[in-house]
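Chains as they are written, first to last, in numbering that gives the first Met the number 0: chain F, 0 to 298; chain U, 0 to 177.
From the three backbone atoms N, C-alpha and C, an ideal C-beta is built for every residue, glycine too.
Small disclaimer: the values here were computed from a predicted structure and weren't measured.
The next block holds one structure in the form of structure tokens; read it before the comments.
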Amino acid sequence: MTDNKYAFFIGCLIPYRELAYEISARRIAKKLGIKLITMPDANCCGLPIDPVNHEMSIALAARNLCIAEDMGLNIITLCNGCFATLTKTNKQLKKDRELRQRVNKYLADISLEFKGSIEVKHFIEILAEDVGIEKLSELVTKPFNDLKVAEHYGCHFLRPHKYLETENPENPTVLTKLIELTGATVVDYLDESECCGGTVLGIDPNIPLSLARDKLKNIKEAGAEAIITICPNCHMIYDLNQPRIEKTFSETYGLPVLHYPQLLGLAMGITPEELALDELRVKADKVLSRLVEEIKVKH
Amino acid sequence: MSNEVKTYRKPLRIDPEFKNLVLKMPGGETLKICFQCGTCTSSCPIAQIIDTYRPNQLMRLAQFGLKDKVLSSKTIWLCAACATCVDRCPQGVEMASVLRVLKNLAVKEGCVPRVFKDFGSAILKTGFVYNIPKTRTKKREDAGLPPLSKTKIEDIKKLAEKTGFIDTIKGEESDDRQ
Ligand code: SF4
Ligand code: SF4
């Protein structure tokens, strides 16, 4: 497998609503020499329709896996939902022969076969593990000073642990380390691991809005000035819907929600324009004001 | 009449085979080991804000074979599949998967919340659950992003036939919004 080259699974929500995440992630990838190759002919990851037809859901996931296998590349994704679905399906298909036979029967009709030759990774894992905290720290030329942020991992990066095998879901550290290398401080807040509820938005929008309100409240009370996310779904709930939450509950939060690559990019001296900061619903001027002057000694 | 006997409007029907049906479906296997400790419900973000949502009770009803009550229940659709309960269950019950099995079965009884019909028809048209409007694709171009890939829809249709997804989204619509 070629180093630093990945089959890029964009999914649906990013091109639909969260373009800034893709723009900023691509900018970071360029800086780090990571090549993101568009997957020709990809489809929905399968997650959204799992509640109504599990077989179709895994068939869709498996079709994506087969496309990447044909490209001879590991998959990289920015979305927790896509990450969880593709990872779980990939691991189960590799392990469970009966399941593999069943799914390959569906795939035979479209001349594909799951072989189990690739892996699925989240962009965050590539940053933390393949590039490494140390290397990233060296590239920080404009660290944040006195900026307190709250982190939100999102469930589908961590759970169910049995299938995703990322980190201890009760005490994850990877995002914390990635944030701290930018100079920002991560504050603890109440019910940190609580879900954004994004998956039931279409069933009852009041659920994610209530959950998000609790989260914003807890974060504000902990003294954080921004939220950092690694999933377009969570981001949409906290950023895009923040004005709606403020209106519904007659409260004001004004908490900017940054995609992690935006935070990292700023600390690397990349301009806010290149990181599509202006795409955010809640403006991040306060965050920008905490960037110290460029440190010239480092390269 | 003072000594009126109270009767339930609908008798509770027990289907002794229901449990076995769930256990046989992929993801339903762990239903049998739930011992009602309630850890799932106390960990559940949805249960925190919706009083009627109690995942441990759904497990009990399914074990007892109260098929109609479970499958027509609006609350099974409220699970966000966050899997917090899965990670915390002392018995290793894969709640999110068991609930998914129950939802998949409810669909066969004709219960499909509207949002899934919308998702389904979009997938059969574009391969994804959202139709990306022209304004967005234009924005991509302006931002210098590579164009999105096109999905071979014949492939998706074939998979939908094979897996029965076509029928899933065709059936009667049931609106589960509260
Ligand atoms: S935590 Fe597990 S064993 Fe306990 S009630 Fe929930 S599903 Fe049953
Ligand atoms: S997976 Fe469903 S039942 Fe379990 S904690 Fe999450 S929302 Fe609750």
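| Asked | Found |
| --- | --- |
| Go through its chain and collect everything with a Cβ distance to THR167(U)'s Cβ below 6 Å, but skip five positions before and after it. | VAL106 |
| May I have the straight-line CA-CA distance separating GLU191(F) from ASP213(F), to the nearest angstrom? | 10 Å |
| Between ILE32(U) and the rest of its own chain, which residues show a CB-CB distance below 8 Å, the 5 nearest in sequence each way excluded? | GLN90, GLY91, VAL92 |
| Which full runs of the beta strand (DSSP E) of 3+ residues lie inside the segment 6-72 of chain F, going along the chain? | 34-37 |
| What does SER209(F) reach in chain U if we use C-beta pairs closer than 8 Å? | ILE48 |
| Mind checking the segment 24-38 of chain U against chain F and listing, in chain order, the residues whose C-beta falls within less than 9 Å of any C-beta there? | MET24, PRO25, GLY26 |
| Just to confirm, does PHE115(U) get its C-beta within under 8 Å of one of the non-hydrogen atoms of ligand 1? | no |
| Applying the 10 Å Cβ sphere with the 16-neighbour rule, what's the burial state of VAL291(F)? | exposed |
| Within its chain, find whatever has a CB closer than 7 Å to the CB of PRO142(F); leave out the 5 residues flanking it on each side and keep chain order. | THR181, GLY182, ALA266, VAL291 |
| Between ILE45(U) and ligand 2, is the CB less than 8 Å from at least one heavy atom? | yes |
| Determine whether the Cβ of SER72(U) lies closer than 9 Å to any Cβ atom of chain F. | no |
| Classify LEU262(F): buried if its beta carbon has 16 or more other beta carbons within 10 angstroms, exposed otherwise. | buried |
| Under the criterion of a Cβ to heavy atom distance below 8 Å, does LYS58(U) qualify as lining ligand 1? | Looking at the sequence provided, one finds Met at residue 58(U) rather than Lys. Because some heavy atom of ligand 1 lies under 8 Å away, the Cβ of MET58(U) counts as near it: yes. |
| Could one say the Cβ of GLN177(U) lies closer than 9 Å to chain F's Cβ atoms, at least one of them? | Legend: pLDDT at GLN177(U) = 35, less than 50; position of this residue unreliable, no value from coordinates given. |
| List the whole-angstrom C-beta distance separating VAL130(F) from ILE178(F), where the pair is believed to meet the contact cut-off of C-beta under 8 Å. | 15 Å between Cβ atoms; not a contact. |
| Counting only beta-carbon atoms, is GLY109(U) nearer than 9 Å to chain F? | no |
| How about LEU177(F): is its Cβ closer than 8 Å to a heavy atom in ligand 2? | no |
| Using only the alpha-carbon positions, how far apart do ILE218(F) and LEU189(F) sit? | 8 Å |
| Assuming TYR20(F) and LEU77(F) form a contact by the criterion Cβ under 8 Å, report the distance between their Cβ atoms to the nearest whole angstrom. | 6 Å |
| Which residues of the segment 232-251 of chain F have a Cβ closer than 8 Å to any Cβ of chain U? Give them in chain order. | none |
| Among GLU97(F), LEU35(F), LEU208(F), which residue has its Cα nearest to the Cα of THR247(F)? | LEU208(F) |
| Using a beta-carbon distance below 9 Å, is ILE202(F) in contact with chain U? | yes |
| Compute the distance between the beta-carbons of LEU274(F) and ARG26(F), then report whether it is under 9 Å. | yes |
| Can you tell which of GLU124(F), GLU166(F), ALA61(F) has its C-alpha closest to the C-alpha of LYS114(F)? | ALA61(F) |
| When we look at the beta-carbon of LEU11(U) and count the other beta-carbons within 10 Å, is it buried (16 or more) or exposed? | exposed |
| Checking 9 Å against the spacing of the C-beta atoms, do LYS68(U) and LEU77(U) come in under that value? | no |
| By Cβ distance, which residues of its chain are closer than 7 Å to ARG99(U), with the 5 residues on each side in sequence left out? | GLY26 |
| Rounded to whole angstroms, what's the CA-CA distance from ARG87(U) to PRO168(F)? Just pull it up for me. | 10 Å |
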